[in-house]
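Beneath this line is the structure, given in structure tokens, with notes to follow.
Number of protein chains: 2
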Amino acid sequence: MVDKMADQHKPEPDEPFLQIGEVADRTGVTQRTLRFYEERGLLKAPVRMEGGFRLYSEDDVARVEQIKRLQTLLGLTLAEIKEMVEAEEVKEELRATFRPDLDIEERVRRVTRRLEVTERQHQIITAKMDAMLDMKRELEEKVLRTRSTLADLEKERKKLLAKPKA
Amino acid sequence: MVDKMADQHKPEPDEPFLQIGEVADRTGVTQRTLRFYEERGLLKAPVRMEGGFRLYSEDDVARVEQIKRLQTLLGLTLAEIKEMVEAEEVKEELRATFRPDLDIEERVRRVTRRLEVTERQHQIITAKMDAMLDMKRELEEKVLRTRSTLADLEKERKKLLAKPKA
DNA sequence: CATATCATTGACGTTTGCGTTAATGATAGT
DNA sequence: ACTATCATTAACGCAAACGTCAATGATATG
């Protein structure tokens with residue numbers, strides 16, 4: 013009860029809890045988006061302070077950033093991302109991997125599932141990067157060709173400047 | 013007028029015009045999407061046969077594929093893609109780059125614009141690939157760690173199988 | 001304690017990117 | 001000429017991913 017009071021009005025530097033506004037600023041998403049993700053199950057419901065304000069952890073921030081990367085880099089929908097982050101929750105349950113309270117078969121199943129999801133992400137990103145590499149090369153060729161065209165045009169222009177006609 | 017008749021009911025192998033259904037099949041988008049892109053100015057209005065059916069060229073097919081890549085690989089919106097393909101139309105106007113009918117300053121401006129757009133695409137793709145490479149590496153580490161965790165668990169499991177308790 | 005700022009939960013609105021009829025016409029095969 | 005298949009425009013529909021109030025409460029500050 014002694015430290016309960018301290019917890020209430022001082023966040024204390026060793027327990028760095030963040031309010032929704034700070035999380036929004038740090039991650040670049042809006043507060044609405046954070047609540048929306050929570051509604052959709054992409055973020056677990058965070059703890060609240062007594063007034064009902066949400067209190068986020070650093071892990072939550074990391075989670076949001078992960079969601080954003082899956083969205084913008086891989087182009088996944090929130091539904092797809094949800095599947096993936098659900099497997100991540102298993103990870104948190106497994107922070108102590110060798111918890112003896114779950115039977116070993118269950119632990120194997122969960123870690124296996126997590127491995128599958130991670131490998132799937134890796135496969136998606138690899139395929140995308142391959143396609144992007146092709147596109148990048150095409151663009152590089154095009155830049156070169158266009159530059160050369162431009163150089164030719166500039167030469168032409170100088171000639172015309174030298175002998176201006178009617 | 014002699015070859016006009018031939019053009020009407022025979023597409024003729026040297027003039028490979030495609031109907032909307034074929035373009036849809038080949039590109040994997042729907043007919044609706046093709047008409048929608050046309051509406052939005054992403055595709056120029058194709059020529060029609062006398063009955064009003066759209067006739068697409070191979071260039072149009074390439075254009076659609078380009079749009080799709082900009083969408084899925086780079087995650088651009090159709091509005092952004094429109095800006096980019098508008099610059100490509102300039103390219104088609106410039107197929108004969110040294111057309112003397114435009115004054116040279118104008119030709120320089122157009123090629124310059126095209127170069128800018130291409131370089132922007134290149135920059136976008138490069139930035140994305142950099143971010144993706146980071147993510148890919150993280151995933152690879154995670155795969156390794158998870159595999160090792162899994163291996164430990166399997167060893168544990170074998171031990172338990174050897175001496176089954178209550 | 002007055003006030004400014006932060007938060008809360010609804011609930012309805014918006015934009016993007018098409019899907020889905022519906023009603024009708026064109027073309028191709030027999 | 002009949003029929004199957006392909007196309008046409010117009011219009012309404014819809015899910016995703018939030019934005020934007022509105023009405024209200026909580027917290028911090030001078």
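Going down the list, the sequences are from chains A and B.
Each number in the working numbering corresponds to the 1-based position in the first sequence with 12 added.
Each number in the working numbering corresponds to the 1-based position in the second sequence with 12 added.
Built from N, CA and C at the ideal position, the CB exists for glycine as well.
Under the three-state DSSP convention, the category residue i falls into
i, result
"A/L85", "coil"
"B/L162", "helix"
"A/V59", "strand"
"A/L127", "helix"
"A/L30", "strand"
"A/A174", "helix"
"A/L67", "strand"
"A/R52", "coil"
"B/V97", "helix"
"B/T42", "coil"
"A/D37", "helix"
"A/V73", "helix"
"A/D115", "coil"
"B/R169", "helix"
"B/R122", "helix"
Neighbourhood of residue i by C-beta distance below 7 Å, restricted to the same chain and skipping five residues each side
i, result
"A/L90", "R52, L54"
"B/E70", "P28"
"A/E77", "T39"
"B/I93", "L54, I79, L82, Q83"
"A/A36", "T42, Q43, L46"
"B/F65", "Q31"
"A/M17", "The predicted model places A/M17 with a pLDDT of 34, which falls under 50 and marks its position as unreliable, so this point remains unresolved."
"A/K140", "L86"
"A/E50", "A57"
Neighbourhood of residue i by C-beta, 6 Å cutoff - its chain only, sequence neighbours within 5 removed
i, result
"A/K167", "none"
"A/I136", "L86"
"A/M96", "V129"
Same chain only: Cβ atoms within 8 Å of residue i, ignoring 5 sequence neighbours per side
i, result
"A/G33", "Q43"
"B/A74", "none"
"B/K154", "none"
"A/A179", "The structure shown has nothing for residue 179 of chain A, since chain A only spans 13 to 178."
"A/D146", "none"
"A/L151", "none"
Query raised in the report: Listed from N- to C-terminal order along the chain, which residues in the region 70–89 of chain B have their beta-carbon within a distance smaller than 7 Å of any beta-carbon of chain A?
Result: Taking 7 Å as the upper bound on Cβ-Cβ separation, chain A lies near residues R81, T84, L85, G87 of the region 70–89 of chain B.
Query raised in the report: Between the region 94–102 of chain B and the region 115–131 of chain B, do at least 3 Cβ pairs fall closer than 8 Å?
Result: Short answer: they touch.
Report task. With 8 Å as the limit, tell me which residues of the region 111–135 of chain B have their beta carbon closer than that to any beta carbon of chain A; keep them in chain order. Result -> Going along the region 111–135 of chain B in chain order, one finds I116, E117, R119, V120, V123, T124, R126, L127, T130, E131, Q133, H134 with a Cβ nearer than 8 Å to chain A.
Report task. Can you give me, in chain order, the residues of the region 145–175 of chain A that have a beta carbon less than 8 Å from any beta carbon in chain B? Result -> When C-beta distances to chain B are compared with 8 Å, the residues of the region 145–175 of chain A below that value are L145, M147, K148, L151, E152, K154, V155, T158, R159, T161, L162, D164, L165, E166, E168, R169, L172, in chain order.
Report task. May I ask you to list, following chain order, the residues of the region 24–44 of chain A that have a beta carbon less than 8 Å from some beta carbon of chain B? Result -> Cβ contacts with chain B come from no residue of the region 24–44 of chain A.
Query raised in the report: Taking three-plus beta-carbon pairs below 8 Å as touching, is the region 58–70 of chain A in contact with the region 79–86 of chain A?
Result: Contact fails: fewer than three Cβ-Cβ distances are below 8 Å.
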